[in-house]
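*Asks:* Here it is: the structure, laid out below.
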DNA sequence: CGATATGTTGAGTTAAATCAATGAGTGTGG
DNA sequence: CCACACTCATTGATTTAACTCAACATATCG
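Protein chains in written order, with the UniProt record's numbering: chain A, 1 to 247; chain B, 1 to 247.
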């Protein structure tokens with residue numbers, strides 16, 4: 001059961017470990033997945049709306065997002081993805097893409113043929129269950145984002161998002177003590193929250209002013225966790241984190 | 001392969017038929033699911049946020065919704081559900097509910113133990129795939145709703161929702177010629193779109209005024225489908241509908 | 001039939017958008 | 001190494017879509 005930290009797919013193993021307990025055989029099978037590893041530059045489109053996907057994309061390093069371009073240069077970001085995520089796992093059952101998958105930063109990704117993923121899920125129903133579950137947590141996060149978009153103020157929305165992004169990274173060991181990478185621009189935050197980038201900027205200024213967060217050199221530092229949680233009325237239930245849970 | 005129209009679970013079979021092609025054996029297995037059928041009054045809470053679900057709820061008749069109560073009597077509706085839907089299928093892999101499931105109208109529902117559903121998916125991987133796929137389409141709809149909430153005007157948002165609700169019912173044979181049941185209040189529409197009910201009312205008036213729709217006695221009539229689609233910039237890809245309705 | 005839920009309309013308010021300009025980083029090629 | 005270009009961040013002024021509050025009308029139902 002020893003983790004192989006040097007295996008290229010380690011981020012995936014680490015994520016699966018944070019959700020479930022793998023047998024040696026399962027771990028082996030995952031590590032033996034046939035992958036094609038690529039280094040991508042920032043803002044690279046991996047799969048586009050309308051395409052038929054025949055493989056899944058596993059993030060090994062860097063950030064990606066799912067998004068869709070709306071009329072007139074506007075776009076909506078649906079989710080952020082970090083190492084260990086398979087953002088287009090859904091394409092296994094819905095090959096026709098209804099949105100784009102793009103890198104936000106420089107990134108290393110592994111492409112895994114659908115065939116191989118399907119084979120893995122056939123041979124190991126418990127891995128299938130974990131994958132299915134992961135797409136369901138995705139959906140739960142979408143629901144929470146709906147609440148943020150519809151019913152929270154810009155301030156609460158961003159506060160809520162920061163709580164979420166911190167905890168998601170914390171759960172897989174990518175965060176520090178109330179600090180985590182946030183390698184995205186204010187424009188990206190605006191696209192994710194459906195706010196204008198001008199307004200995002202103003203709200204961030206207000207948060208800084210209140211001593212809630214610091215945000216520089218692509219790092220988010222949460223200076224007042226309790227206060228941030230309270231402001232956002234953040235309840236982590238929807239993230240369905242299992243092991244490493246909330247501090 | 002003949003449809004058994006009188007079987008109590010017919011709505012589920014009809015929905016599965018609209019997505020996939022079942023073998024006789026699979027159809028048999030679905031029809032033999034152990035169910036507990038109940039008639040529920042309107043606005044009845046089926047499962048609540050925070051509860052641990054041990055069964056799934058299949059809608060046989062009437063409408064239900066997934067929702068969450070936000071502070072101060074506000075609530076967000078995440079999705080509408082009609083006959084054939086299993087709105088809490090996700091509880092199979094995430095038993096802890098992060099939202100509520102409620103009826104909107106009088107409804108007949110069938111409760112199926114998780115155990116039985118799990119057994120079904122183990123024995124018939126292709127049914128598992130269809131179920132998984134269905135939760136993925138759910139997620140796709142959530143994403144589209146995010147776009148509506150964040151980037152569309154109230155008018156376009158409602159127009160888009162009407163297109164969606166019509167097509168979803170049409171796909172399982174529950175809609176007529178550009179008309180379908182819409183047994184929900186303006187308040188429900190407001191909760192689903194994150195608009196105030198006052199504003200929903202005004203927008204509906206405007207739509208009526210433009211001759212786009214008629215909405216009375218719980219029936220939505222789309223008077224100008226092409227125009228409605230154009231107004232909403234509606235693209236049905238995200239619904240991932242497969243076949244057209246059965247009989 | 002009265003009671004309660006739902007729908008309708010007007011008037012005033014507000015959170016966030018837009019428009020516009022400027023400042024601060026970052027990177028590339030001459 | 002600097003200059004140019006480009007992206008990203010910041011601030012002010014103005015506009016606007018949608019909200020809130022309040023009153024009243026009309027269904028619907030027991």
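Idealized CB from N, CA, C, for every residue including glycine.
Keep in mind it's a predicted model, so treat the numbers as computed, not measured.
(1) When the Cα of residue 52 of chain A is compared with those of A:75, A:27, A:71, A:94, which residue comes out closest?
(2) Start and end of the beta strand (DSSP E) containing residue 181 of chain A?
(3) I want to verify the contact list: residues of chain A whose CB lies under 9 Å from the CB of residue 94 of chain B, in sequence order.
(4) Examine chain A for any beta-carbon lying closer than 9 Å to the beta-carbon of residue 76 of chain B, and answer yes or no.
(5) Return the first residue and the last residue of the alpha helix (DSSP H) that residue 126 of chain A is part of.
(6) Counting only C-beta atoms, is residue 123 of chain A closer than 9 Å to chain B at any point?
(7) My understanding is that residue 64 of chain A touches residue 107 of chain A, with C-beta atoms under 8 Å, so please give their C-beta distance in whole angstroms.
(8) Using the Cα positions of residue 33 of chain B and residue 116 of chain B, report the straight-line distance between them to the nearest angstrom.
(9) For residue 45 of chain B, name the three-state secondary structure that DSSP assigns.
(10) Within 9 Å (strictly less), CB to CB, does residue 71 of chain A reach chain B?
(11) What three-state label does DSSP hand residue 28 of chain A in the structure shown?
(12) Can you tell me the Cα-Cα spacing of residue 169 of chain B and residue 237 of chain B, whole angstroms?
(13) Just verifying my parser: in three-state terms, what is the DSSP assignment at residue 103 of chain A?
(14) In this structure, what does DSSP give as the bridge partners for residue 96 of chain A?
(15) Could you pull the DSSP bridge partners for residue 68 of chain B from this structure?
(16) Please report the distance separating the alpha-carbon of residue 55 of chain B from that of residue 183 of chain B.
(17) Give a yes or no on whether 9 Å exceeds the smallest Cβ distance from residue 205 of chain A to chain B.
(18) Residues in the stretch 29-60 of chain B with C-beta within 9 Å of chain A's C-beta atoms, listed in sequence order?
(19) Counting only beta-carbon atoms, is residue 143 of chain B nearer than 9 Å to chain A?
(20) Closer than 7 Å by C-beta to residue 61 of chain A: which residues in its own chain qualify, once you throw out the five before and the five after it? Chain order, please.
(21) Name the DSSP bridge partner or partners of residue 38 of chain A?
(22) Do you know offhand how far residue 77 of chain A's Cα is from residue 68 of chain A's?
(23) Let me make sure I understand the geometry here. Which of B:70, B:38, B:209, B:181 has the alpha-carbon closest to that of residue 144 of chain A?
(24) From what residue to what residue does the beta strand (DSSP E) around residue 219 of chain A run?
(25) Along chain B, in chain order, which residues have C-beta atoms closer than 9 Å to that of residue 147 of chain A?
(26) My output table needs one value for residue 211 of chain A: the three-state DSSP class, helix, strand or coil.
(27) Give me the chain A residues within the contact set of residue 129 of chain B, using Cβ-Cβ distance strictly less than 8 Å, ordered along the chain.
(28) Any idea if residue 140 of chain A is buried or exposed, counting beta-carbon neighbours within 10 angstroms, 16 or more meaning buried?
(29) Using three-state DSSP, classify residue 165 of chain A as helix, strand or coil.
(30) Mind checking if residue 99 of chain A is an interface residue toward chain B, Cβ cutoff 9 Å exclusive?
*Replies:* Answer, in terms of the structure:
(1) A:94
(2) 179-181
(3) Contact note: residue 94 of chain B reaches chain A through 133, 136, 137, 140, 240, using a C-beta cutoff of 9 Å and chain order.
(4) yes
(5) 125-151
(6) no
(7) Going by Cβ atoms, the distance from residue 64 of chain A to residue 107 of chain A rounds to 6 Å, so yes, they are a contact pair.
(8) 7 Å
(9) strand
(10) yes
(11) helix
(12) 16 Å
(13) strand
(14) A:52
(15) B:76
(16) 26 Å
(17) no
(18) Those would be 49, 50, in chain order.
(19) yes
(20) 83, 107, 108
(21) A:109
(22) 7 Å
(23) For residue 144 of chain A, the nearest C-alpha among the options comes from B:70.
(24) 219-222
(25) 68, 70, 76, 78, 194
(26) coil
(27) 93
(28) Flag for residue 140 of chain A reads buried.
(29) helix
(30) Output row for residue 99 of chain A: interface = yes.
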